[in-house]
Amino acid sequence: MKFKAAAVQVTSTARVSNNLTKCRQLVEEAASAGAKVIGLPENFSFMGTESEKKNLLGQIEEETNAFLQETSKDLGIFLLGGGFPTKAPTGKVYNTAVITNPEGKEIFRYHKAHLFNAVVGDGFNYSESNSTESGGKVPDVIQTEYGKISSAICYDIRFPELFRSLSEKGVELCFLPAAFTVPTGEAHWHVLLRARAIENFMYVLAPGQTGTHDPHGNRKTFGHSLIISPWGEILDEIDKEEGFAIADIDLQKLNEIRNQLPSLNHRLF
Numbered sequence: 001m002k003f004k005a006a007a008v009q010v011t012s013t014a015r016v017s018n019n020l021t022k023c024r025q026l027v028e029e030a031a032s033a034g035a036k037v038i039g040l041p042e043n044f045s046f047m048g049t050e051s052e053k054k055n056l057l058g059q060i061e062e063e064t065n066a067f068l069q070e071t072s073k074d075l076g077i078f079l080l081g082g083g084f085p086t087k088a089p090t091g092k093v094y095n096t097a098v099i100t101n102p103e104g105k106e107i108f109r110y111h112k113a114h115l116f117n118a119v120v121g122d123g124f125n126y127s128e129s130n131s132t133e134s135g136g137k138v139p140d141v142i143q144t145e146y147g148k149i150s151s152a153i154c155y156d157i158r159f160p161e162l163f164r165s166l167s168e169k170g171v172e173l174c175f176l177p178a179a180f181t182v183p184t185g186e187a188h189w190h191v192l193l194r195a196r197a198i199e200n201f202m203y204v205l206a207p208g209q210t211g212t213h214d215p216h217g218n219r220k221t222f223g224h225s226l227i228i229s230p231w232g233e234i235l236d237e238i239d240k241e242e243g244f245a246i247a248d249i250d251l252q253k254l255n256e257i258r259n260q261l262p263s264l265n266h267r268l269f
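Taking full-length UniProt numbering, the leading residue of the sequence shown gets 1, the next gets one more, and so forth.
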């Protein structure tokens, strides 16, 4: 089985309708280029302040879900919405990734497990857990006509045990949608993504945010959305502009790699 997949890169803001219009345009372009599985980054439908998020939460959740269902059905694709706020029972929100199928039905939902609390040197004190609740669970792996698919979110990439759990469930293609900071992106983005792909012999599709996200120019993200093979090769990458990376996913090649170097079967611990 060989098919095309794409990782979309955008510069999202607090304006939900504008974000979704841009995402629709780029997803349509990726689908026109032949992509059957397409991923959008973390915060694709909203990237604003915590107060704006609180005020717009119902709108964000409703419009984002409708967008994913409508777009995947209209274009006949599997579409990942890589992270948007949904209500949690604690009064906080979940950072939620959703996959919809070509019939427009939701087939996957994951609440980000590892929350980003860090000071990385870009002028921000990131405290995601102040407003966001951890899902606390490993993502599901879903069987589709394009293989076994799953998704983590952004900071999850630093926790290899999560991806080893996915490999034990047979994952073949894993999304890693992100809004990576510039300092951590420059240092670790490529090497961490390649490591997760190689360790688990899986394709990794990493759609990311890019550029400046507020009118004062303070919040910046790294970009460099890319697609990585199970051998750790970067199959396609987009730099800092909005657009998408696109590449062939070859599940027969993946199985050949796993058979030739069966390290996943050699684990002792």
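Note that beta-carbon positions come from the ideal geometry of N, C-alpha and C, so glycine has one too.
Would you give the residue range spanned by the alpha helix (DSSP H) that residue i belongs to?
i           : result
residue 10  : Element bounds for residue 10: n/a, residue is neither H nor E.
residue 181 : Careful: residue 181 lies outside any alpha helix (DSSP H) and carries neither H nor E.
residue 257 : 251-260
residue 22  : 16-32
Assuming residue i contacts residue j under a Cβ cut-off of 8 Å, what Cβ separation, rounded to an integer in Å, is found between them?
i           : j           : result
residue 54  : residue 35  : Not a contact, Cβ separation roughly 35 Å.
residue 140 : residue 113 : Not quite, the Cβ-Cβ distance comes to about 13 Å (not below 8 Å), so this is no contact.
residue 110 : residue 151 : 6 Å
residue 160 : residue 41  : Not confirmed; about 21 Å, so no contact.
residue 203 : residue 254 : 7 Å
residue 45  : residue 71  : Actually they are not in contact, since the Cβ atoms of residue 45 and residue 71 sit about 12 Å apart, beyond 8 Å.
residue 234 : residue 30  : Not confirmed; about 18 Å, so no contact.
residue 209 : residue 12  : 6 Å
Can you check DSSP and say which residues form a bridge with residue i?
i           : result
residue 159 : Paired residues: none, contrary to the question.
residue 243 : 9
residue 228 : 204, 234
residue 3   : 249
residue 106 : 100
residue 271 : With the chain covering 1 to 269 only, the question about residue 271 has no answer from this structure.
residue 37  : 5, 78
With respect to the beta strand (DSSP E) encompassing residue i, which residues constitute its N-terminal and C-terminal limits?
i           : result
residue 147 : 147-151
residue 127 : 125-127
residue 114 : Counting along the chain, residue 114 falls outside any beta strand (DSSP E), and DSSP gives it neither H nor E.
residue 142 : 142-144
residue 95  : 93-100
residue 237 : 234-237
residue 220 : 220-222
Just to confirm, is the Cβ distance from residue i to residue j under 9 Å?
i           : j           : result
residue 47  : residue 258 : no
residue 7   : residue 39  : yes
residue 99  : residue 80  : yes
residue 153 : residue 173 : no
residue 184 : residue 124 : no
residue 117 : residue 50  : no
residue 228 : residue 193 : yes
residue 28  : residue 75  : yes
residue 178 : residue 243 : no
residue 84  : residue 18  : no
residue 201 : residue 167 : yes
residue 73  : residue 103 : yes
residue 122 : residue 86  : no
residue 137 : residue 169 : no
residue 226 : residue 236 : yes
residue 197 : residue 231 : yes
residue 163 : residue 142 : no
residue 14  : residue 62  : no
residue 9   : residue 20  : no
For this session: For the region 40-88, list the alpha helix (DSSP H) runs that are entirely contained and at least 4 residues long, ordered along the chain.
Result: Taking only runs of at least 4 residues, the alpha helix (DSSP H) segments lying wholly in the region 40-88 are 50-75.
For this session: Only counting runs of 3 or more residues, tell me where the beta strand (DSSP E) segments fall wholly within the region 167-217, in order along the chain.
Result: For the region 167-217, whole beta strand (DSSP E) runs of length 3 or above, ordered along the chain, are 173-175, 203-206, 210-212.
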